[in-house]
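*Asks:*
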Amino acid sequence: MTRALPLLRRRLVGSIFVLLIVIIGSFLLLEAAPGDAVDAYIVSTGGDAGMIELLRHRWGLDQSELTRLANYLWALLHLDLGQSVTFSRPIRDIILERLPTTLILMGSATALSFGLGSALGIYAGARPGSVRDRFLSIGSLALYAVPGFWLGLVLIVVFAVDLRWLPIGGIETIASAKTGLPRAADIATHLVLPVSALGFIYLALYLRMMRAGMAEAWRQEFVLAARARGLTRRRIVFAHVARNALLPLVTMLGLQSAQMLGGSVVIESVFAVPGLGRLAQEAVAGRDTPLLLGIILVSAVLVIAINLLVDLAYAFLDPRVGAGEASA
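Residue 5 in UniProt numbering sits at position 5 of the sequence shown, and the numbers go up by one each step.
#1: Could you give the distance in angstroms between the alpha-carbon of Ile267 and the alpha-carbon of Gln256?
#2: Measuring straight from C-alpha to C-alpha, what distance separates Glu172 and Arg164?
#3: Take every Cβ of the segment 285 to 304, pair it with every Cβ of the segment 71 to 85, and state whether three or more of those distances are shorter than 8 Å.
#4: I'd like the list of long-range same chain contacts for Gly277, defined as Cβ closer than 6 Å, with 5 residues on each side in sequence excluded.
#5: On the premise that Val270 lies in contact with Gly152, defined as a C-beta separation below 8 Å, what is that separation, rounded to the nearest angstrom?
#6: Going straight from the alpha carbon of His190 to that of Ile174, what length do you get?
#7: Give me, in chain order, the residues of the same chain whose beta-carbon lies closer than 8 Å to that of residue 333; leave out the 5 immediate sequence neighbours on both sides.
#8: Is Gln63 helix, strand or coil by DSSP?
#9: Please check the pair Arg89 and Leu81, which I expect to be a contact at CB under 8 Å, by giving their CB distance rounded to whole angstroms.
#10: The alpha helix (DSSP H) spanning Ala204 covers which residue range?
#11: Which of helix, strand or coil does DSSP assign to Ala326?
#12: State the CB to CB distance for the pair Leu79 and Leu292, rounded to an integer number of angstroms; the pair is presumed to be in contact (CB under 8 Å).
#13: In three-state terms, what does DSSP make of Pro290?
#14: Consider the C-beta atom of Val241 and the heavy atoms of the ligand SAM; say whether any pair is separated by less than 7 Å.
#15: Name, in chain order, the residues that DSSP records as bridge partners for residue 353.
#16: Report yes or no: is there a C-beta of chain B within less than 8 Å of the C-beta of Asp162?
#17: Between the segment 132 to 144 and the segment 239 to 251, can you find at least three pairs of beta-carbon atoms closer than 8 Å?
#18: Determine the DSSP secondary structure at Val273, reduced to helix, strand or coil.
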């Protein structure tokens, strides 16, 4: 843990600059897009020129772009994400309501894809060139080529519409008044299909990476030395080959966190899951720039936190990483 502290310190300092770039870049891009919250409001409800001027003043849209950016950055220093135009509520409260759902969805999908993908990759890579190796390699390639939204629709048709084993969408049964374990079981039932649709795509990626890493590790000198010492094949697979093949997967886990967060936007829309992805869709429809900026900021913080954890895990698996950062 001590040798990982310099690594963690450097990553935290760099994360501050990354967040600043994300905030300013997102603000400028959203400001460059045509239309604003007033336009969306007038289109949906109607109004005259006086109302348009009043709304622009109330929401601060009559100020210059630089003034709004400076005000937004100053508010962020006080941990104030602003007020949502669409919901007329503090953005922090709205995000805190939706964030746990997205975290549960992403965490479950990551555990499914990484855990099962790694296990199947070890099973396939334990005997390269075998029938099971070829079968799993071809199957993972076919699964990886399937779009996430299409897989989600297929799962809905098969397991929710035809077989009626699972609910079509949502996060829990509306007005069920369940608490405790019954409510947890109800939420788990609703999450089976969206977690499967989000996790199976990345499962194929982790399977192929683990299998390729093990196939490469079998040709390394330390494996030949382990064979010469008379170690069993099972001991070589788990103690030497799989551990070395796991390092690229840990790196990919951090890189895929941003893509999985983006994929959750589609999956939450398909399954009507009330998470950050669905909230972002509603913010775009309402031209709610402050809310969309808050979602982008929280998503960036989430991705950075995941990558920090991945860096610590990588330093634990490979002592050279933490030692290199300490000496630098």
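We treat Cβ as the ideally placed atom computed from N, Cα and C, and that holds for glycine. Here the structure is a predicted model, which is why all the values come from computation and not from measurement.
*Replies:* So, to answer that:
#1: 16 Å
#2: 16 Å
#3: yes
#4: Ser264, Val265 and Glu268
#5: 4 Å
#6: 12 Å
#7: Residue 333 cannot be examined here, being either before or after the span of the chain that is shown, 1 to 328.
#8: coil
#9: No, Arg89 and Leu81 are not in contact; Cβ-Cβ is about 11 Å, not under 8 Å.
#10: Gly180 to Ala217
#11: Unreliable placement is indicated for Ala326, whose pLDDT of 45 sits below 50; no coordinate value is reported for it.
#12: No, Leu79 and Leu292 are not in contact; Cβ-Cβ is about 18 Å, not under 8 Å.
#13: helix
#14: Looking at this structure, you won't find the ligand SAM or any other ligand, since it has none at all.
#15: It is not possible to answer for residue 353, since the shown part of the chain is limited to 1 through 328.
#16: Of the protein chains in this structure there is only one, and it is not chain B.
#17: no
#18: coil
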